[in-house]
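The opening residue of the sequence shown carries number 219 in our numbering; numbering runs sequentially from there. Note that beta-carbon positions come from the ideal geometry of N, C-alpha and C, so glycine has one too.
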Amino acid sequence: MDMKCLKCGKENKKNAVYCKFCGENLQTAEQPLTVAFMLKSLFVIYSLIFTAYMLYLAFEKPVQAFVNSIATK
219 MDMKCLKCGK ENKKNAVYCK FCGENLQTAE QPLTVAFMLK SLFVIYSLIF
269 TAYMLYLAFE KPVQAFVNSI ATK
């Protein structure tokens, strides 16, 4: 199956690197987008884990004190 040039719209061979009509690069920039997406995803995941851990530390003692006060009654 041939691929269409995004710039001029002409058909090119599916393994062509450049458009034979206008010279536009036909290769997509998937690798940099994929790496950037992965880095952003990792940042979000680490941020969520860090936030959850900080919330756990903030609420651990009050919750434990509440549980202990209920258990002693």
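| message | Could you tell me the alpha carbon to alpha carbon distance between G241 and D220, rounded to whole angstroms? | response | Taking the straight line joining both Cα atoms gives about 16 Å.
| said: So for E229, helix, strand or coil by DSSP? | reply: Note: E229 maps to strand in three-state DSSP.
| task | Provide the residue(s) that pair with K222 in DSSP beta bridges, ordered along the chain. | result | Looking at the DSSP output, K222 sits in a beta bridge with E229.
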